[in-house]
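Here the structure comes first, spelled out in structure tokens, and everything after it is commentary.
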Amino acid sequence: MNAYSYYPGCSLHGTAVEYGLSTEAVCQALGVELREVDDWNCCGASSAHVANRWLAHGLVARNMRLARATGLRDLVIPCAACFARFKETQAALADPETAAAIEEVAGGAVPRDLTIDPLLAILSEPGLLAKLQAAVVRPLAGLKLAPYYGCLLTRPPEVARFDDPEDPQTLDRLLRVLGAEVVSWPGKTACCGSSLALSRTEVVLDLSHQLLAWAEEAGADAIATACPMCHSNLDMRQGQMRRAGKGDHALPVYYFTELVGVALGIGNSELGISRHLVEAAALLGRVPAGTRS
Amino acid sequence: MSGSAASHEVLAFVEAASGQKLRECYQCSKCAAGCPLGQAVDLSPQQIIRALQLGQAERALDSRGLWMCVGCQTCVTRCPCEVDLPRVMDALRSYALATHRPAALGEVAVFHRVFLKSIELLGRVYEVGLIGGFNTLSGHLFDSVDLAWPLLVRGKIKPLPPRIRARGEVAAIFARAEARRAMEATR
Numbered sequence: 001m002n003a004y005s006y007y008p009g010c011s012l013h014g015t016a017v018e019y020g021l022s023t024e025a026v027c028q029a030l031g032v033e034l035r036e037v038d039d040w041n042c043c044g045a046s047s048a049h050v051a052n053r054w055l056a057h058g059l060v061a062r063n064m065r066l067a068r069a070t071g072l073r074d075l076v077i078p079c080a081a082c083f084a085r086f087k088e089t090q091a092a093l094a095d096p097e098t099a100a101a102i103e104e105v106a107g108g109a110v111p112r113d114l115t116i117d118p119l120l121a122i123l124s125e126p127g128l129l130a131k132l133q134a135a136v137v138r139p140l141a142g143l144k145l146a147p148y149y150g151c152l153l154t155r156p157p158e159v160a161r162f163d164d165p166e167d168p169q170t171l172d173r174l175l176r177v178l179g180a181e182v183v184s185w186p187g188k189t190a191c192c193g194s195s196l197a198l199s200r201t202e203v204v205l206d207l208s209h210q211l212l213a214w215a216e217e218a219g220a221d222a223i224a225t226a227c228p229m230c231h232s233n234l235d236m237r238q239g240q241m242r243r244a245g246k247g248d249h250a251l252p253v254y255y256f257t258e259l260v261g262v263a264l265g266i267g268n269s270e271l272g273i274s275r276h277l278v279e280a281a282a283l284l285g286r287v288p289a290g291t292r293s
Numbered sequence: 294m295s296g297s298a299a300s301h302e303v304l305a306f307v308e309a310a311s312g313q314k315l316r317e318c319y320q321c322s323k324c325a326a327g328c329p330l331g332q333a334v335d336l337s338p339q340q341i342i343r344a345l346q347l348g349q350a351e352r353a354l355d356s357r358g359l360w361m362c363v364g365c366q367t368c369v370t371r372c373p374c375e376v377d378l379p380r381v382m383d384a385l386r387s388y389a390l391a392t393h394r395p396a397a398l399g400e401v402a403v404f405h406r407v408f409l410k411s412i413e414l415l416g417r418v419y420e421v422g423l424i425g426g427f428n429t430l431s432g433h434l435f436d437s438v439d440l441a442w443p444l445l446v447r448g449k450i451k452p453l454p455p456r457i458r459a460r461g462e463v464a465a466i467f468a469r470a471e472a473r474r475a476m477e478a479t480r
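Chains as they are written, first to last, in this note's numbering: chain G, 1 to 293; chain B, 294 to 480.
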């Protein structure tokens, strides 16, 4: 059994609740044990690094220490934004002088032997991917999906060390294993506007509208993502886009874990499919019911 | 604009905090070409670097572009000189905040302030408090209010704040980080 310490981050307990539910359901089904980091704090997200890099590093460093305290060396982070912040601090720890400053701010030693991976990378490891392939009972036949990586899973490449920053393939492969058709589209690694959602909403509406339009033009039935920020901008704001004259979208946006869950025969309610703002169950209803083995 | 900042001081802070040498940029404008916010900014990332190179730090500090950058990391990924622009942007914003310089996009600075206050007090982000605090302080009273009910009924936002046990530890991280930033900005 694979075991990982698990950092859900604030989104998976909040706006990305379906990402949290589907992550846990899928990992359980695949025999991946998640040991949640006890009393974790917010990683600082898109704000701490803007204000003060020491704060950003300090907040992450405390979590790294707690992650190691689970007794496990491998940390898995589903949220692309949290993942990016952890990797940034891990990269900063390579410089001894910076590392000493980070430990002073964090109030204690920070482990150097932690491996940090996004959940997408874990589920795409050859062993687990083969296991997943064998466990698919309800292939997503006929579903055309636009794989959306967003910014922070792959960039900057020297820090993220995950897939290709311009044309990543990990999610494409995973979706094909689930039996879906993957469309080719220009939005794979384009930005949704991220944390400007509250402060400059019009910018987010523009960028996210563009992404939805690209996916539709490519013939996609839905977008698949691994980032809570991307999901909330794309799923939550289609109504606001409509009212602002930016398209007439009704495009479901799924976390890749929800799609894995559906293919594994897990029910919609367990995966949190009804939590989307854009109706997301009907499209999945078109997928032929599988035979649970 | 407001406040005066000696350009060489700003440059020294930015280069130290970001670990970047701004002289290495030869203005190829690849960063500006790929910036997703190109349509929405006054100074492009390339122009912000140029302002710093020319000793016009105030133009960079007072630009809208500085606050519009969301750190998508496209520019640094493509830069032929490997100048880490998002780190430069962070360092500039950090300097502006440490020296209490008004931001050209005040609401973006307010968002970050409210977001960080939530972490400092609770250890985690409290969305209801974030939206309420942002709307009150930015004067955008009814922004995103259309989303409040749909999010509540789906369990995506919760009426009560989350709270970690070790809030004191997190508050202490804030205090030590603030002391370190203040030390660097006034050196």
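The beta-carbon is built from N, C-alpha and C at its ideal position, and this holds for glycine as well.
Simplified DSSP state of G:G14, which is helix, strand or coil: Residue state, collapsed to three classes: coil.
Say whether chain G places a C-beta atom closer than 7 Å to the C-beta of B:T479. No, because no Cβ of chain G sits closer than 7 Å to the Cβ of B:T479.
Evaluate contact between the stretch 188 to 203 of chain G and the stretch 144 to 153 of chain G, counting only Cβ atoms and requiring at least three cross-stretch pairs below 8 Å. At 8 Å Cβ cutoff, the stretches touch.
Is B:D335 close to chain G, meaning its C-beta is less than 7 Å from at least one C-beta of that chain? For B:D335, no Cβ of chain G is located within less than 7 Å of the residue's own Cβ.
Tell me which residues share the same chain as G:S293 and place their Cβ nearer than 8 Å to its Cβ, disregarding the 5 neighbours each side in the sequence. Confidence at G:S293 is low in this model, with a pLDDT of 46, below 50, so the placement of that residue is unreliable and no value is reported for it.
Nearest chain B C-beta to G:R161 closer than 7 Å, yes or no? By this cut-off, G:R161 is not an interface position.
Assuming G:F256 and G:A224 form a contact by the criterion Cβ under 8 Å, report the distance between their Cβ atoms to the nearest whole angstrom. Taking the Cβ atoms as the reference, G:F256 lies roughly 5 Å from G:A224, within the contact range of under 8 Å.
Distance between B:H433 and G:L196 (C-alpha atoms, nearest Å): CA-to-CA, the gap between G:L196 and B:H433 works out to about 14 Å.
Three-way DSSP call (helix, strand, coil) for G:D74 in this model: Strand.
Could you tell me whether the Cβ of G:L198 comes closer than 7 Å to any Cβ of chain B? By this cut-off, G:L198 is an interface position.
How should B:R316 be labelled, buried or exposed, when 16 other C-beta atoms within 10 angstroms of its C-beta is the threshold for buried? Exposed, since its Cβ has fewer than 16 Cβ neighbours within 10 Å.
What does G:S5 pair with, by DSSP beta-bridge criteria? In DSSP, G:S5 forms a bridge with G:R35 and G:L75.
Please state if the CB of G:T115 and the CB of G:P78 are separated by a distance shorter than 7 Å. Pairing G:P78 with G:T115 gives a Cβ-Cβ distance that is not under 7 Å.
Use the C-beta contact count for B:C321: other C-beta atoms within 10 angstroms, 16 or more gives buried, fewer gives exposed. The residue in question, B:C321, is exposed, as its Cβ has fewer than 16 Cβ neighbours within 10 Å.
Is there at least one Cβ from chain B nearer than 7 Å to G:A3's Cβ? For G:A3, not one C-beta of chain B is nearer than 7 Å to its own C-beta.
Am I right that G:A141 and G:P288 are in contact with their C-beta atoms under 8 Å? What's the rounded C-beta distance? Contact between G:A141 and G:P288 holds: their C-beta atoms lie close to 7 Å from each other, under 8 Å.
Burial state of G:V50, where buried means 16 or more other Cβ atoms lie within 10 Å: Burial call: buried.
What residues from chain B crowd round G:L207, counting only those whose CB sits closer than 7 Å? Going along chain B in sequence order, the residues near G:L207 (Cβ under 7 Å) are P329.
What residues from the stretch 117 to 132 of chain G come within 7 Å of chain B, judged by C-beta to C-beta, listed N to C? Taking 7 Å as the Cβ-Cβ cut-off against chain B, none of the residues of the stretch 117 to 132 of chain G qualify.
Check whether chain B comes within 7 Å of G:A91, counting only Cβ atoms and requiring the distance to be less than that. Not a single C-beta of chain B is nearer than 7 Å to the C-beta of G:A91.
Counting only beta-carbon atoms, is B:L491 nearer than 7 Å to chain G? As shown, chain B starts at 294 and ends at 480. That puts residue 491 of chain B outside it, with no answer to give.
G:L55 at chain B interface by Cβ criterion, 7 Å: So, interface residue.
Under the three-state DSSP convention, the category G:A146 falls into: Three-state DSSP puts G:A146 in a strand.
In angstroms with no decimal places, state the Cα-to-Cα distance between G:R200 and G:A106. Straight across, the Cα-Cα distance linking G:R200 with G:A106 is about 32 Å.
Closer than 7 Å to chain B by CB, G:H49: Closer than 7 Å to some Cβ of chain B, the Cβ of G:H49 qualifies, so yes.
Identify whether G:E181 lies in helix, strand or coil by the three-state DSSP scheme. Here G:E181 sits in strand by DSSP.
With a threshold of 7 Å between beta carbons, is B:P443 in contact with chain G? Between B:P443 and chain G, the shortest Cβ-Cβ separation is below 7 Å.
Residues of the stretch 307 to 329 of chain B with a CB closer than 7 Å to any CB of chain G: list them in chain order, please. Going along the stretch 307 to 329 of chain B in chain order, one finds A310 and P329 with a Cβ nearer than 7 Å to chain G.
Quick check: the Cα distance between G:M53 and G:E166, rounded to an integer number of angstroms? The sequence as given places Arg at residue 53 of chain G; Met does not occur at that position. C-alpha separation (whole angstroms): 27 Å.
Is G:R275 buried or exposed, if buried means 16 or more other CB atoms sit within 10 Å of its CB? Flag for G:R275 reads buried.
In whole angstroms, what separates the C-alpha of G:A281 from that of G:N268? Taking the straight line from one Cα to the other gives about 7 Å.
Under three-state DSSP, which class holds B:T392? B:T392 sits in coil when the DSSP states are folded into three classes, being neither helix nor strand.
Beta-ladder partner(s) of G:P118, from DSSP: In the DSSP assignment, the residues bridged to G:P118 are G:I77.
How long is the line joining the alpha carbons of B:M294 and B:D355, rounded to whole angstroms? Per-residue confidence for B:M294 stands at a pLDDT of 43, beneath the threshold of 50, marking its modelled position as unreliable; the derived number appears in the next sentence. B:M294 and B:D355: Cα-Cα distance of roughly 7 Å.
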